[in-house]
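Chemist:
2 protein chains.
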Amino acid sequence: MKKTIDFQTDPSRYRHWRVEYDDAVANLYMDVDENAGLFDGYQLKLNSYDLGVDIELSDIVQRMRFEHPEVKVVVMRSGKDQVFCAGANIRMLGGAAHSHKVNFCKFTNETRNTYEAALKDSGQNYIAAIRGACAGGGYELALACNHIMLTDDSSSSVALPEVPLLAVLPGTGGLTRVTDKRKVRRDRADIFCSMEEGVKGKRAKEWGLVDEVIPNSEFNETVVERAKELAASSNKVAGQGIKLGPLDRQISDDGSISYSLIDIELDRKFRKATITIKGPENSPPDNSEALTKAGDQSYLLRLARELDDAILHLRLNEMELGLWVIRTQGNPELVLAHEAALLSIKDHWLANEILQLWKRVLKRLDVTSRSIIAIVEHGSCFAGTLAEILWAADRSYMMLDEFEGDERPIAKLKLSEANFGQYPMANDLTRIQTRFLGTPEHVDFLREQIGEDLEAEAADEHGLVTYIYDDIDWEDELRIFMEERASFSPDAMTAMEANLRFSGPETMETRIFGRLTAWQNWIFNRPNAVGGDGALKRYGTGIRADFDMERI
Amino acid sequence: MKKTIDFQTDPSRYRHWRVEYDDAVANLYMDVDENAGLFDGYQLKLNSYDLGVDIELSDIVQRMRFEHPEVKVVVMRSGKDQVFCAGANIRMLGGAAHSHKVNFCKFTNETRNTYEAALKDSGQNYIAAIRGACAGGGYELALACNHIMLTDDSSSSVALPEVPLLAVLPGTGGLTRVTDKRKVRRDRADIFCSMEEGVKGKRAKEWGLVDEVIPNSEFNETVVERAKELAASSNKVAGQGIKLGPLDRQISDDGSISYSLIDIELDRKFRKATITIKGPENSPPDNSEALTKAGDQSYLLRLARELDDAILHLRLNEMELGLWVIRTQGNPELVLAHEAALLSIKDHWLANEILQLWKRVLKRLDVTSRSIIAIVEHGSCFAGTLAEILWAADRSYMMLDEFEGDERPIAKLKLSEANFGQYPMANDLTRIQTRFLGTPEHVDFLREQIGEDLEAEAADEHGLVTYIYDDIDWEDELRIFMEERASFSPDAMTAMEANLRFSGPETMETRIFGRLTAWQNWIFNRPNAVGGDGALKRYGTGIRADFDMERI
């Protein structure tokens with residue numbers, strides 16, 4: 021499975037989904053082209069999906085927010101007659117490398133979280149309208165919707181058959197959403213998750229697996245009615261959408277990448293990607309008309325989209341680059357000016373969408389399984405929104421005092437109001453709150469530093485950076501650290517970072533990325549699932565899997 | 021590593037620990053006999069530990085509560101000169117089966133949780149007094165103490181070197197307690213957990229890794245002083261302790277076990293253990309004097325100790341028995357009478373200890389990696405404390421109406437006050453609250469049913485059992501279920517149950533058993549750690565581990 025995976029797409033290229041617009045309601049049809057799998061070796065039968073299908077869905081969810089702000093309800097349906105969705109494609113899973121499986125599931129989780137949160141964040145409510153079999157990842161697709169409607173006929177059911185059928189978990193949020201979102205009684209969850217055939221009709225409603233069960237003859241009209249009702253109850257106000265054009269991106273033969281605002285250099289020897297973010301060059305659009313007119317070209321939107329693409333590209337296509345070094349260069353005052361312009365009109369739909377997108381991109385960084393280091397050099401612009409990267413990173417290094425021959429403005433940080441609530445992590449705390457979990461009073465102190473120029477000594481004293489070094493030590497210290505990091509087991513790093521990054525309270529989101537994902541990763545390593553005689557390999561062969569029966 | 025592991029021990033048999041009593045202060049010395057490992061093939065050098073060392077510690081912690089209630093402070097020290105504790109023995113870990121490693125770590129976690137909670141539960145405060153190297157599991161031992169004192173000399177440090185040294189995690193609570201209990205800043209935690217040499221002196225205090233750093237020359241006297249201060253500040257009132265005698269237990273050649281109150285039958289073909297609990301035969305000791313006089317023979321204490329031993333025995337020695345069926349037989353009124361007698365004097369130290377022990381035993385059941393089924397037959401006594409087992413189980417089956425030729429009293433459940441707060445799960449909710457997470461008002465309704473005889477239909481209607489079957493269906497339904505369960509992948513069961521059992525809020529305890537443990541189990545399956553060229557296997561050979569550098 022070695023080919024470059026491109027996360028950029030647009031409606032003209034979709035193979036698996038289509039959208040029909042009906043005023044405030046968007047009808048989203050999953051209609052997977054079984055011959056258009058991302059890789060060779062499997063067919064996407066029965067509306068099963070691979071990463072390619074999910075990349076399209078992610079694109080749709082994103083465009084729905086920016087290009088179709090008039091949409092208040094999205095109805096997710098199947099474009100096939102007999103099946104809603106059979107879940108992740110089993111042959112694809114059986115053949116994929118562990119690293120691909122895990123990163124595929126992570127991206128899938130992020131997309132589910134995005135449309136699940138769309139109601140709260142953007143006033144777009146997702147409904148699942150299920151007719152036909154809805155199994156495994158198919159039901160997980162539905163679980164992330166906020167209202168699940170099931171037709172009452174002999175062939176329509178919801179199911180999580182992973183355990184009995186494949187000896188793996190419903191690991192893309194399934195188990196967690198059943199217990200924590202749908203609050204299904206635990207013994208019923210146990211039954212539901214260990215039956216192949218799933219649950220139909222009234223029982224599905226009684227157990228809380230769906231919200232409505234509707235006679236087949238009334239299904240379509242009830243779905244339309246429900247969508248209109250929900251749309252009518254929304255008080256979302258939005259103008260005309262903007263067009264999300266293709267990103268300005270070049271990938272060189274050696275793998276280095278340049279976007280309009282980001283350059284990425286690769287150091288394969290030290291397994292390192294250096295990501296340099298450029299600050300804005302012009303002043304911001306200063307009202308909502310100007311912002312709308314700037315479309316997809318306003319600085320913070322352009323940067324968020326490029327950074328999102330860069331994260332996904334590096335995650336899936338450059339798996340051996342275990343260390344990401346993030347730098348910025350630019351004018352911190354201009355970064356803050358762009359941010360302030362958005363915050364001053366944050367109730368405007370487009371300003372809100374840009375801020376929400378930043379929230380998601382920063383969260384993507386939080387759950388990225390790479391060691392992330394922020395480097396605060398002279399000439400950098402870690403201010404406000406961009407300063408969040410410092411605390412999404414595992415460590416940060418900052419230049420202290422002047423460096424010989426370096427004419428750039430002295431390194432400084434700037435805090436803004438955006439650092440105190442605009443971008444909550446998955447645990448619902450800000451990155452600063454999470455960082456200072458033991459000393460909440462320090463968060464209040466930091467708030468008083470908004471707008472101050474914080475040079476290295478102040479940044480260090482306030483606990484905002486990990487290390488400050490002067491010209492004499494800088495290069496050696498960074499080199500030693502990077503060499504050391506490159507020598508560690510990438511698995512140990514992944515697991516350590518997954519535990520250290522999310523202290524404090526838990527939410528459904530942290531539980532999905534922490535507990536459920538970790539168990540899923542474990543299962544994806546166990547011979548009972550992925551071994552030659554395991555259930556995932558033997559599925560469809562007619563031969564039963566051969567299990568080592570020891571309980572762990 | 022196939023030999024029967026016995027969790028029963030007593031001070032006369034200790035090889036690795038000793039305790040000296042000084043009024044309200046107990047001085048606990050870890051002094052591991054390197055030649056007394058539980059298995060062959062390794063030496064327990066540098067106060068490193070294996071399961072045998074931890075079985076003794078667990079016994080000490082338990083006896084401290086029952087035999088030495090006068091103790092208010094326990095000071096954990098090393099009996100060696102140069103080292104506090106080097107953590108879990110690496111050769112033991114390198115050689116052990118995955119199933120043994122995971123179950124060993126779970127038991128270790130339970131022991132850590134027990135003494136960590138001893139202050140709140142029993143007024144016994146654990147202090148770690150560290151002189152010498154305190155690394156890995158050694159520091160995890162200290163982290164579970166509530167006050168950590170470190171001597172300030174050139175060789176004393178705290179460290180979590182698992183990641184750089186062994187490519188595994190500090191997985192016995194280490195990562196979680198660093199971020200969530202000690203609230204160490206995340207970038208400092210990243211540094212700390214990726215350095216082999218650990219942190220000494222002032223920096224350890226500044227980063228929050230220890231509570232006090234004391235000059236070496238004043239260390240001993242300061243520890244004594246601090247212990248006395250903490251003991252003096254306690255208002256615990258306790259009488260004379262009771263003696264915990266050896267359990268009345270017989271293990272037959274075929275593996276079946278009988279205790280005074282529990283019988284365990286094994287069905288190896290269907291990989292099933294049937295655990296039958298007998299109700300009490302006599303009325304309870306009706307005041308604190310009588311309770312003390314009954315010593316370790318009062319019904320609820322005897323049963324808790326036997327059940328605890330049975331759980332541990334089956335977990336570690338019978339790993340292929342993936343299904344536990346729990347039955348009771350006896351008089352439910354007498355169960356409630358024993359419970360009521362304890363609750364009426366719950367402020368008495370011994371009554372409190374018995375109730376706290378039940379809390380721990382039930383929690384042990386919650387995190388046991390087996391499918392647990394409760395069977396409510398005619399003649400059973402699932403009442404109050406024993407009814408908790410129904411909701412610790414994954415499912416329950418209850419007999420409906422009379423069965424031909426069955427003269428036992430008709431099956432019924434009885435709720436008591438104890439079901440509504442006495443035995444919180446790791447998530448700090450009661451089992452009933454967790455079960456009805458989506459309908460808290462139902463918990464209020466159930467509270468009104470305290471004392472009622474709930475026969476099958478009522479129990480089913482109230483959601484207290486999973487299935488009710490009459491004489492016609494009972495045997496077939498149970499057989500079908502058990503055969504099906506026995507055919508599933510034990511790994512899928514383990515992971516599914518770990519996710520379904522703990523809905524609702526998270527605590528440090530659930531995070532340790534959920535998130536951290538799952539990642540640790542994953543690591544313990546990864547070639548980078550446990551493969552032939554992995555770090556755990558190559559440790560001590562002088563050859564560096566050979567890592568697959570792909571990030572997952």
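The listed protein sequences derive, respectively, from chains V and S.
For my numbering, count along the first sequence from 1 and bump the result up by 20.
For my numbering, count along the second sequence from 1 and bump the result up by 20.
A virtual CB, placed ideally from N, CA and C, is assigned to each residue, including glycine.
Bear in mind that the values here come from a model prediction, so they are computed numbers and not experimental data.
Can the beta-carbon of glycine 342/V be found closer than 8 Å to that of serine 391/V?
Modeler: Contact flag set, yes.
Chemist: For histidine 482/S, which of Glu497/S, Ile147/S, Asp464/S, Asp491/S has the nearest alpha-carbon?
Modeler: Cα-wise, what sits closest to histidine 482/S is Asp464/S.
Chemist: Tell me which same chain residues have a C-beta within less than 6 Å of the C-beta of alanine 56/S, skipping the five on either side of it?
Modeler: The residues are Arg35.
Chemist: Out of curiosity, what's the CA-to-CA distance linking methionine 21/S and glycine 72/S?
Modeler: Model confidence at methionine 21/S stands at a pLDDT of 44, short of 50, so the residue's coordinates are unreliable and nothing is read from them.
Chemist: Would you kindly work out how many angstroms separate the C-alpha atoms of glutamine 317/V and aspartate 306/V, rounded to a whole number?
Modeler: The straight-line gap from Cα to Cα measures roughly 14 Å.
Chemist: Is it buried or exposed for glycine 157/S, if we count other Cβ within 10 angstroms and need 16 for buried?
Modeler: Classification for glycine 157/S: buried.
Chemist: Can you tell me whether cysteine 105/V is helix, strand or coil according to DSSP?
Modeler: Reduced to three states, the DSSP call for cysteine 105/V is strand.
Chemist: Within a Cβ cutoff of 6 Å, which residues of the same chain sit near aspartate 30/S, ignoring the five residues on either side of it in sequence?
Modeler: Excluding residues within five positions, none has a Cβ falling inside 6 Å.
Chemist: Could you work out which residues of chain V lie near proline 184/S, taking near to mean beta carbons separated by less than 7 Å?
Modeler: Those are Phe508, listed as they occur along chain V.
Chemist: Can you tell me whether DSSP reads methionine 96/V as helix, strand or coil?
Modeler: Strand at methionine 96/V.
Chemist: Looking only at its own chain, which residues have a Cβ that is under 6 Å from the Cβ of valine 230/S, when we skip the five neighbours before and after it?
Modeler: Excluding positions up to five away in sequence, the list reads Ile168, Leu170, Ala224.
Chemist: Where arginine 335/S and isoleucine 75/V are concerned, what is the direct C-alpha to C-alpha distance, given to the nearest angstrom?
Modeler: Straight-line Cα distance between these residues: approximately 44 Å.
Chemist: At a Cβ threshold of 8 Å, is serine 303/S touching chain V?
Modeler: False, the Cβ-Cβ gap to chain V never drops below 8 Å.
Chemist: Name the chain V residues that come within less than 7 Å of isoleucine 25/S, Cβ to Cβ?
Modeler: Correct list: empty, because the minimum Cβ distance to chain V is about 15 Å.
Chemist: Have a look at leucine 58/V and leucine 370/V and give me their C-alpha separation to the nearest angstrom.
Modeler: When rounded, the distance between both Cα atoms is 33 Å.
Chemist: Can you look up isoleucine 430/V in the DSSP assignment and give me helix, strand or coil?
Modeler: Three-state result, isoleucine 430/V: coil.
Chemist: For asparagine 133/S and leucine 332/S, what's the separation of their Cα atoms in angstroms?
Modeler: Looking at the two C-alpha atoms, the distance is approximately 16 Å.
Chemist: For a quick check, are the C-beta atoms of phenylalanine 508/V and serine 509/S less than 8 Å apart?
Modeler: Not closer than 8 Å, so no.
Chemist: Give the C-beta separation of glutamate 475/S and tyrosine 487/S to the nearest angstrom, bearing in mind that I take them to be a contact with Cβ-Cβ under 8 Å.
Modeler: With a Cβ gap of about 14 Å, glutamate 475/S and tyrosine 487/S do not count as contacting.
Chemist: Shorter than 8 Å from the beta carbon of arginine 206/V to some beta carbon of chain S?
Modeler: So yes, arginine 206/V belongs to the interface.
Chemist: What does a CB cutoff of less than 8 Å around leucine 250/S pick up in its chain, not counting 5 residues either side in sequence?
Modeler: Taken in chain order, the residues that qualify are Lys92, Val93, Asn145, Ile147, His167.
Chemist: Which of the residues in the region 187-205 of chain V, read from start to end, lie with their CB under 7 Å from any CB of chain S?
Modeler: Cβ contacts with chain S: Ala187, Val188, Leu189, Leu195, Thr196, Thr199, Asp200, Lys203, Arg205.
Chemist: So threonine 459/V and methionine 445/V are in contact, right, with Cβ under 8 Å, and what is the actual spacing, rounded?
Modeler: With 8 Å as the limit, threonine 459/V and methionine 445/V do not qualify as a contact, their Cβ atoms being about 18 Å apart.
Chemist: Please state whether DSSP places methionine 169/S in a helix, a strand or coil.
Modeler: In this structure, methionine 169/S counts as strand in the three-state DSSP scheme.
Chemist: With a threshold of 8 Å between beta carbons, is glycine 342/V in contact with chain S?
Modeler: So, interface residue.
Chemist: So what's methionine 21/S in DSSP terms, helix, strand or just coil?
Modeler: Confidence is the limiting factor: at methionine 21/S the pLDDT is only 44, short of 50, which leaves the residue's position unreliable, though a coordinate-based value still follows. Methionine 21/S: coil per DSSP, three-state reduction.
Chemist: For leucine 449/S, I'd like the list of residues in its chain whose CB is within less than 6 Å of its CB, leaving aside the five on either flank, ordered along the chain.
Modeler: Excluding residues within five positions, the ones whose Cβ falls inside 6 Å are Gly524.
Chemist: What does the Cβ neighbour count give for proline 266/S, buried or exposed, with the cut at 16 atoms within 10 Å?
Modeler: Exposed, because fewer than 16 other Cβ atoms sit within 10 Å of the Cβ of proline 266/S.
Chemist: In three-state terms, what does DSSP make of arginine 521/V?
Modeler: In this structure, arginine 521/V counts as coil in the three-state DSSP scheme.
Chemist: In terms of residues, what are the limits of the alpha helix (DSSP H) holding alanine 357/S?
Modeler: Residues 352-364.
Chemist: Give me the Cα-Cα distance between leucine 536/V and valine 188/S, rounded to the nearest whole angstrom.
Modeler: So the alpha carbons of these two residues sit roughly 20 Å apart.
Chemist: Spatial neighbours of methionine 112/S within its chain, please: CB distance less than 6 Å, with the 5 preceding and 5 following residues excluded, ordered by chain position.
Modeler: The residues are Tyr62, Asp70.
Chemist: In the DSSP assignment, the alpha helix (DSSP H) including aspartate 207/V goes from what residue to what residue?
Modeler: First-last of the alpha helix (DSSP H) with aspartate 207/V: 206-212.
Chemist: Within 7 Å: the Cβ of glycine 551/S and any heavy atom of the ligand GTP?
Modeler: The model on display carries no ligand, and the ligand GTP is accordingly not part of it.
Chemist: When you compare only the Cα positions, how much space is there between glutamate 462/V and arginine 206/S?
Modeler: The sequence as given places histidine at residue 462/V; glutamate does not occur at that position. If I take the Cα positions, the gap works out to 15 Å.
Chemist: Ignore the nearest five residues each way along the sequence and tell me which others in methionine 513/S's own chain have a CB closer than 7 Å to its CB.
Modeler: The answer, listed in chain order, is Gly342, Ser391.
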